[in-house]
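All residue numbers for the sequence shown refer to this note's numbering, where the first residue is 13 and numbers rise by one.
Note that beta-carbon positions come from the ideal geometry of N, C-alpha and C, so glycine has one too.
It should be emphasised that the depicted structure is a prediction, and the values quoted were computed from it without experimental measurement.
What follows is a short report on a single structure.
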Amino acid sequence: MAKRHLVRIAIETAELPGVRLIARPLYRRLFNRPYHGGNAYYGAYASRDQALAAAPSLPTSYDQPSTTGMYMDRHRSIRVSDYPMVHWISRLLAQGRHRIFDLGGHIGVTYYGFRRYVDYPDTMEWRVHDVPAVMDAGRDWARENDPKGLLHFADAPEAASDHDVLITCGALQYLDYTLPELLGRLPSPPTHVLVNLTPVHPRRGYVTLQNIGKAVLPYRVMAKPEFVAQMQALGYSLEDQWQSKERHLRVPFEPDCTLDHYAGFYFKRV
């Protein structure tokens, strides 16, 4: 509880120069330890390498057994910002777009969460790529919870080639590559791309550090104009966009990095 109060104090006093000299090093010391009050953030860096160089001596990878149980509640329900995804996936499945690649899809939480709202055809293939420890847990979970056998896993993100639809929900910020970089190296990139729960800034891109308790991870925030321009350069048009009000981002002592919502997008390759 004390840590949580100190985080709030650090955020609220970040604009006060006199207090900042005291609060910032105190917050940094707390950030360098395992944190259990939700997610905590620190710093704004120009690249992942710079962020990693500034990371404390905690694990800096999501690929560990302790992360496999995260987000398990999401396989039973969806968020408000998921409804645009449900809408577009329903329409695309109805059009015969049955090969779906789920980038950073954990154990298949979106697959399980959406099946209460979307009629999955028996010909659908939903393929997830994530870190090895999480996918191993996903395969185990699927043996008892995916009786139709529609969920599959891919060891490499390049397996997205030749799929009809690529979806990603809350994962792009953790990758060591950008979505346009991945799509640009695929021989046959998906025609449809759905992005949700992604932090995008109206002007600037940066990388911060996120303490999730189990690890401290580089956390990428994209500049929206640059991201959209990069997708358009690959031949994608922006068909739809929405705001994810469930999420916001405050990086203490970095007021220009504040986001009051995350973003969702639907791109179509023309």
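Extent of the continuous alpha helix (DSSP H) run through M243:
For M243, the enclosing alpha helix (DSSP H) stretches over residues K236 to A245.
Should R151 and F165 be called a contact, given that it needs their Cβ atoms to be closer than 9 Å? The beta carbons of R151 and F165 sit closer together than 9 Å.
Any idea what DSSP makes of L198, helix, strand or coil?
Residue state, collapsed to three classes: coil.
Please say whether I90 and G3 have beta carbons closer to each other than 9 Å? Past the edges of the chain, shown from 13 to 282, lies residue 3, and the structure says nothing about it.
Coil, strand or helix - C269 by DSSP: For C269, the three-state secondary structure derived from DSSP is helix.
Review point. Taking the C-alpha atoms as reference points, what is the distance between E137 and G161?
Key: Those two C-alpha atoms are separated by around 9 Å.
Inter-stretch contact at 8 Å, needing at least 3 Cβ pairs: the stretch 229–239 / the stretch 51–65 = A contact exists between the stretch 229–239 and the stretch 51–65.
What are the residues that DSSP puts in a beta bridge with A52? Under DSSP, the beta-bridge partners assigned to A52 are N223.
G276 - containing beta strand (DSSP E), residue span: Run containing G276: Y274 to R281, per the beta strand (DSSP E) assignment.
What does DSSP give as the partner residues of H141 in its beta bridges?
Per DSSP, L115.
- With a cut-off of 8 Å on the beta carbons, I'd call P211 and Q242 a contact; round off their distance for me. In this structure, P211 and Q242 do not form a Cβ contact; the two beta carbons are roughly 16 Å apart against a cut-off of 8 Å.
inquiry  = According to DSSP, simplified to helix, strand and coil, what is R60?
reply    = Helix.
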